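First the structure, in the form of structure tokens, and then the observations on it.
In my numbering, the protein residues as written are 6 to 99.
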């Protein structure tokens, strides 16, 4: 039986800032941004070419921001990936 890991939840302190970082600076695709209520918002982003997405939002993950550790984003060319963020853009952790 095949198994696939398709969604990883990340605790973040600022949902909008995290989304902007992953979409605008890293180049992830914004699959979903659904606001159910003030207490529940679901964002799902996927790296280009990946079958696994990340999710974060409001009311999604109760862990402290930064608690998800040991995840690896695998890329073929670090120089190309860095250039994709655009010249002069400041990179911050999301």
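Each residue gets a CB set at the ideal place from its N, CA and C atoms; glycine is no exception. Just so it is clear, the structure is predicted and the values come from calculations on it, not from any experiment.
{"query": "Among 85, 29, 13, nearest to residue 75 - alpha-carbon criterion", "result": "13"}
{"query": "Residue from 60, 43, 40, 69 with nearest C-alpha to residue 10", "result": "60"}
{"query": "Residue environment, residue 64, which counts as buried when at least 16 other CB atoms sit within 10 Å", "result": "exposed"}
{"query": "Within 8 Å, strictly: CB atoms of residue 48 and residue 20", "result": "yes"}
{"query": "CB contact flag (residue 53, residue 18, <8 Å)", "result": "no"}
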